[in-house]
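Peer 1: Before we start, here is the structure in question, set down as structure tokens.
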Amino acid sequence: MSVEALSIYKAKLGEGPVYDIQLNKLFWVDIEGKKILIKDLDSNSENKYVTPDLVSSLCIISEDEIIATIRHGFYIINFRTKNVNKIGEVEVEYEENRFNDGKCDALGRYWAGTMNMKKSGPTGNLYKFEKSNITKILSGLTVSNGLGWSPDNDVMYLIDSPIRKVYAFDFDLNKGEIYNKRVLIDFNGEPGNPDGMTIDEEGYLWIAHWGGGKVSRWSSRGEKVFEIKLPVTYVTSVTFGMHEMNRLFITTASKEDEPLSGRVFTTHVNVKGIPSYRFKKS
7 MSVEALSIYK
17 AKLGEGPVYD
27 IQLNKLFWVD
37 IEGKKILIKD
47 LDSNSENKYV
57 TPDLVSSLCI
67 ISEDEIIATI
77 RHGFYIINFR
87 TKNVNKIGEV
97 EVEYEENRFN
107 DGKCDALGRY
117 WAGTMNMKKS
127 GPTGNLYKFE
137 KSNITKILSG
147 LTVSNGLGWS
157 PDNDVMYLID
167 SPIRKVYAFD
177 FDLNKGEIYN
187 KRVLIDFNGE
197 PGNPDGMTID
207 EEGYLWIAHW
217 GGGKVSRWSS
227 RGEKVFEIKL
237 PVTYVTSVTF
247 GMHEMNRLFI
257 TTASKEDEPL
267 SGRVFTTHVN
277 VKGIPSYRFK
287 KS
């Protein structure tokens with residue numbers, strides 16, 4: 007299957023792609039470049055927004071507003087007014103920690119995890135941000151990464167990258183709670199570490215291989231069924247988009263000897279993804 011470079015922008019550490027079906031725009035971040043990128047898929051234009059610190063994930067609120075995880079905080083950013091407002095903060099006492107991946111669930115709650123930047127220990131945690139309240143959900147993570155939910159919202163998935171595990175949890179959508187943690191996929195034997203992730207409408211997981219140069223598709227029983235190879239080594243995350251929801255958008259990180267690295271890639275697939283959910287402020 008052929009992939010093609012989509013973005014003009016070349017990220018140091020591209021991550022967190024979010025497609026908004028109402029706007030027909032793709033958003034992603036350059037963590038180390040401290041930028042939010044926006045690709046208008048109608049006009050093919052690209053815009054970038056500089057953030058005050060390392061930005062790792064985002065969710066859409068409206069045409070003008072997003073919420074993003076920046077270093078230790080949750081920030082609402084208004085692109086029209088240029089206003090940046092910190093509305094919550096965690097782990098300020100842990101200099102080695104920062105936020106990493108995050109996503110909104112079907113009820114508009116923002117789930118976001120932290121990581122140890124030196125990977126020196128399991129100091130990362132998973133949080134839920136809902137109506138200005140931050141709740142710690144899970145602790146003991148090294149690099150909290152890819153998140154996703156099954157189509158029926160009965161299962162939540164979470165990746166811890168350095169230990170190469172994809173976890174599954176029973177998920178109560180109404181309560182916003184997780185139970186019964188278990189290992190769904192052990193990446194031992196796979197090239198690279200599991201990084202970002204998305205879910206398709208058939209309940210399969212699409213996982214980016216950091217250091218493995220590909221995206222792989224796995225069943226909800228943990229069986230690999232398919233993979234897409236990319237012309238770059240550091241593949242970071244993946245999401246579905248376009249109105250038919252059958253196009254993959256894949257973020258990557260730069261590598262000195264790879265000219266296309268750091269760009270967003272795209273390809274069509276024969277399955278549809280689940281649209282991204284917006285953050286509900288109240």
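For our numbering, add 6 to where a residue sits in the sequence shown, where the first one is 1. For each residue, glycine too, the CB sits at the ideal point set by N, CA and C. Since this is a predicted model, take the numbers as computed values, not measurements.
At what residues does the beta strand (DSSP E) containing F271 begin and finish?
Peer 2: Looking at the DSSP string, the run of the beta strand (DSSP E) that includes F271 is 271-274.
Peer 1: Go ahead and pull the three-state DSSP assignment for P200.
Peer 2: Strand.
Peer 1: What beta strand (DSSP E) runs, 3 residues minimum, are completely inside the segment 126-169?
Peer 2: List check, beta strand (DSSP E) in window: 130-136, 139-147, 150-155, 161-166.
Peer 1: Since Y163 contacts L153 with CB under 8 Å, what's their CB separation in whole angstroms?
Peer 2: Going by Cβ atoms, the distance from Y163 to L153 rounds to 7 Å, so yes, they are a contact pair.
Peer 1: Might you give, ordered along the chain, the residues of its own chain that have their beta carbon closer than 8 Å to the beta carbon of N103, omitting 5 neighbours on each side?
Peer 2: Around N103: H78, E97, T120, M121, N122, M123, T129, G130.
Peer 1: In three-state DSSP terms, what is A74?
Peer 2: Correct three-state label for A74: strand.
Peer 1: From T204 to E196, what distance separates their C-alpha atoms?
Peer 2: Each residue's Cα considered, the two are about 18 Å apart.
Peer 1: What residues match up with K261 in a beta bridge as DSSP calls it?
Peer 2: Answer by DSSP bridge pairing, in chain order: E264.
Peer 1: Judging by CA-CA distance, which residue of V35, G94, R188 is the nearest neighbour of S62?
Peer 2: Closest by alpha carbon: V35.
Peer 1: Classify D111 as helix, strand or coil using the three-state DSSP reduction.
Peer 2: Reduced to three states, the DSSP call for D111 is coil.
Peer 1: Quick check on F193: does DSSP put it in helix, strand or coil?
Peer 2: F193 falls in the coil class under three-state DSSP.
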